[in-house]
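Undergrad: Residue numbers (full-length UniProt numbering): 1 to 343.
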Amino acid sequence: MSLSGPFSLALFKQLYQLKQFRAAATLLSHATNIKEAKEIYELITKTIQTNCWQSFLSNPHLNPFIYHDELCEMLERLLKAMVRELKSAQLTDFDRAQHVVRNLQQTVVLIAKNPQWCRVLSYSYFVPLISTNPFLAHYVTTDPNFFVHLDSVQIAKILALEPFKARNLLLRINSLIFNDEENAHWAEDTLRYLLVRNLEAQSMMLEKVQFHDFLEITFLYFEENRAFAMEVLKNKLLCREWLKCNEAYKHPLLTAQDYIALSKWHANDPGLSAQYVRLSTQSMKNVIENMQMLTLSESTEAELLTPANTMIVEMKPVVNAEKQKEPLQVNKGDKKEGPAILR
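1) For the alpha helix (DSSP H) holding GLN202, just list the boundary residues, first then last.
2) Taking all protein chains shown into account, do 16 or more other C-beta atoms lie within 10 angstroms of the C-beta of CYS72, making it buried, or fewer, making it exposed?
3) Would you grab the beta carbon distance between ILE44 and LEU62 for me? Rounded to a whole angstrom, and I think it's under 8 Å.
4) Using C-beta distances below 6 Å, list every residue in its chain close to ARG226, excluding the 5 sequence neighbours before and after it, in chain order.
5) How many Å lie between THR142 and TYR259 at the Cα?
6) Could you tell me whether the segment 93-108 touches the segment 116-123, where touching means 3 or more Cβ pairs closer than 8 Å?
7) Express the C-alpha separation of ARG102 and LEU28 in angstroms, rounding to a whole number.
8) For LYS157 and VAL127, which I take to be in contact (beta-carbon distance under 8 Å), what is that distance rounded to the nearest angstrom?
9) Of the choices LEU57, ALA25, LEU238, whose alpha-carbon is the least far from that of LEU215?
10) Under 7 Å between the Cβ atoms of ALA25 and ASN59?
11) Would you grab the beta carbon distance between GLN105 and MET82 for me? Rounded to a whole angstrom, and I think it's under 8 Å.
12) How far does the alpha helix (DSSP H) with LYS236 in it extend, from its first residue to its last?
13) Looking at the structure shown, is residue 407 part of a helix, part of a strand, or coil, going by DSSP?
14) Suppose you measure from the CA of MET205 to the CA of ALA261; what does that come to, to the nearest Å?
15) Alpha carbon to alpha carbon, what distance is there between HIS266 and GLN98?
16) Buried or exposed for ALA321, please, with buried defined as at least 16 other CB atoms from any protein chain shown within 10 angstroms of its CB.
17) Can you list the alpha helix (DSSP H) stretches of 4 or more residues lying completely in the segment 81-153, in chain order?
18) Should residue 368 be labelled buried (16 or more other beta-carbon atoms within 10 Å of its own) or exposed?
19) In this structure, how does DSSP classify HIS266 when only helix, strand and coil are distinguished?
20) Let me make sure I understand the geometry here. Which of PRO134, GLU182, SER283 has the alpha-carbon closest to that of ASN145?
21) Judging by CA-CA distance, which residue of ALA37, ARG22, LYS236 is the nearest neighbour of ASP269?
22) Ignore the nearest five residues each way along the sequence and tell me which others in LYS165's own chain have a CB closer than 6 Å to its CB.
23) Does DSSP put ILE48 in a helix, a strand or coil?
24) By the 10 Å Cβ neighbour count, where 16 or more other Cβ atoms means buried, how is LEU18 classified, buried or exposed?
25) CA-CA distance, ARG167 and HIS185?
26) Please state whether the Cβ-Cβ distance between LEU220 and ALA248 is less than 7 Å.
27) Using three-state DSSP, classify LYS19 as helix, strand or coil.
28) Do you know how far the Cα of LEU86 is from the Cα of GLU241?
29) Using the C-alpha atoms, what's the distance from LEU121 back to HIS68?
30) Kindly indicate which residue of ASN198, LEU57, TYR125 has the alpha-carbon position closest to the one of PRO163.
31) Taking DSSP as the reference, what is the three-state secondary structure of HIS61?
32) Please work out which residues of its chain come closer than 7 Å, Cβ to Cβ, to PHE21, disregarding the five sequence neighbours upstream and downstream, and give them in chain order.
33) Once DSSP output is grouped into helix, strand and coil, what is the label at PHE12?
34) I need the straight-line Cα distance from ILE40 to ASN133, nearest angstrom please.
35) Return the residue from the list THR190, GLY271, HIS251 that minimises the CA-CA distance to ALA229.
36) So, using beta-carbon positions, are GLU231 and VAL196 closer together than 7 Å?
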C-alpha cells in the first residue's frame with residue numbers, strides 16, 4: 001500500500017478504521033482539498049490520536065478549516081486527556097502514560113505556534129497552561145514571536161509560574177531593546193513594569209551586568225516621567241540599590257502634593273516621611289516665589305505700557321521728522337552733528 005501518492009479520503013478512512021494511525025497520519029500530510037477538511041476533522045476528533053491530530057494541524061491546506069470553536073474543542077479535549085493519562089500513570093504503565101502525555105503536550109505547542117490561532121484565542125490563553133506543559137513553557141519563554149504579543153501583566157505571570165526560566169526570559173526581552181527595533185519599545189515598557197512591580201525581576205536586573213545599559217536608559221526615563229518616578233520612589237530597594245539614595249529624593253518634576261503622597265507612603269519610616277514633608281514645604285515656597293516674581297514682572301510690564309509712556313513713544317518719530325526739516329546750523333569750532341534726537 002503506497003502512501004506517497006495523491007491523498008485518498010477512502011484510503012485514509014480505511015487506515016483509520018484499521019487503527020493504523022501512523023500510516024493514516026502520513027497519508028493525511030498529502031491532503032490538499034479543503035473541502036475534505038470537515039469530514040476528516042469529524043473523523044479524527046472522535047478519538048484522540050495525536051499523530052493524526054498533529055498531521056491535520058500542520059497541513060496548510062486543511063488547517064484553515066480550524067477556527068475558534070474547533071480550537072476550543074481540541075484544546076479542551078487535549079487538556080482533559082492529559083489529566084486522565086497522568087492519573088492513570090500512577091496505576092498502570094507509567095512510561096506509556098508519559099509518552100502519551102508528551103504527545104498531547106506537543107500537540108498543544110503546535111497550536112500555540114500558529115499566529116492566526118493565537119490571535120483567535122488570544123496569546124494570553126496559553127500562559128496558564130505552561131505550568132503543566134514543559135514543552136509549551138519552553139516555547140513561550142524562548143520564542144519572541146510568541147512572547148512579544150503578551151502584555152507586562154502576562155509576562156509577570158510567566159515569571160511566577162516558571163521561576164527557573166525567569167532569568168533567560170528577562171535576558172531575551174532585554175536583548176530586544178538593542179537588537180530589534182520593531183519590538184524595542186515593547187521590551188522597554190515590559191522591563192520597566194517588572195522593575196517596579198516584580199521583586200524577583202527587580203533583584204535580577206539590579207544584580208546582572210547584562211541589564212546595565214537598560215538601567216541607564218531607564219534612569220533618563222525616570223528623570224523625564226513623573227508617574228514612573230513616583231513608582232520608583234515608593235520602592236526602598238530601588239532607591240537604595242539603583243538610585244543609591246537612602247534619603248528623600250528631590251525630583252525636578254514632582255510637586256508638593258507628590259511629596260506629601262510619598263510622605264504618607266513611607267509613614268512606617270518616620271525619618272524618611274519627615275524628609276518628604278520638608279521637600280513638600282520647600283516646593284510650596286518655590287511655587288510662591290515664582291508666582292511673586294511673575295506678578296512683579298507683569299506689573300513692571302504694565303507700567304511701561306501706560307498711556308503717557310505710550311504717547312511719548314508714538315510722538316518720537318513725529319518730533320524727529322520736524323527736527324529734520326530745520327536747516328542745519330554749523331558754527332566755527334563746533335563739530336558737525338547730525339539731526340537732533342529726542343532726549
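Backbone N, C-alpha and C fix where the C-beta goes; we use that ideal spot for every residue, glycine too.
TA: In short, the structure shows the following:
1) 199-207
2) exposed
3) Under the criterion of beta carbons closer than 8 Å, ILE44 and LEU62 do not qualify as touching, at roughly 10 Å.
4) Correct list, in chain order: LEU253.
5) 41 Å
6) no
7) Put simply, the backbone Cα of LEU28 is about 21 Å away from that of ARG102.
8) 5 Å
9) LEU238
10) no
11) 7 Å
12) 236-241
13) Since the first residue of the chain shown is 1 and the last is 343, residue 407 is not available in this structure.
14) 27 Å
15) Roughly 52 Å separates the two Cα atoms.
16) With a pLDDT of 45 at ALA321, under the threshold of 50, the predicted position of this residue should be treated as unreliable, and no value is reported.
17) 94-112, 115-121, 134-142, 144-147
18) An answer regarding residue 368 cannot be provided, because it is not within the stretch 1 to 343 covered by the chain.
19) If DSSP states are grouped into helix, strand and coil, HIS266 belongs with coil.
20) The option with the nearest alpha carbon to ASN145 is GLU182.
21) LYS236
22) Around LYS165, the same chain offers THR141 as residues with beta carbons nearer than 6 Å, after the five sequence neighbours per side are excluded.
23) coil
24) exposed
25) 20 Å
26) no
27) coil
28) About 45 Å.
29) 7 Å
30) ASN198
31) coil
32) GLN49, ASN51, CYS52
33) helix
34) 27 Å
35) HIS251
36) yes
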